[in-house]
Amino acid sequence: MLLHPTALVAYVLLCLVVGFCGRNRAIGFPGVFVVSVLITPLVMGLLLILTAPKIQS
């Protein structure tokens, strides 16, 4: 099943936003972005809310 181009763009933008929010995590922006593409940005966003950010040294 193919997505409408607008839905695809919205999905990728949501993944980018979630990736940006996860830039201070252990896996960083690229890791959070890829995982959000694979498991949906909503689930990854919830995981970001439930987990603590990386401790800065």
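The sequence shown begins at -3 in the working numbering and counts up one residue at a time. Even for Gly, the Cβ is constructed at its ideal location relative to N, Cα and C.
{"Asked": "Sequence-distant residues of its chain with Cβ nearer than 6 Å to G18 (five each side left out)", "Found": "V28 and L44"}
{"Asked": "Rounded C-alpha distance that separates P37 from V14", "Found": "6 Å"}
{"Asked": "Cβ neighbours of L10 in the same chain (closer than 6 Å, five flanking residues each side left out)", "Found": "P37"}
{"Asked": "Alpha-carbon spacing of N20 relative to Y7, whole angstroms", "Found": "22 Å"}
{"Asked": "CB contact flag (S32, G24, <9 Å)", "Found": "no"}
{"Asked": "Nearest candidate by alpha-carbon position, reference I51, set A22, V5 and T2", "Found": "A22"}
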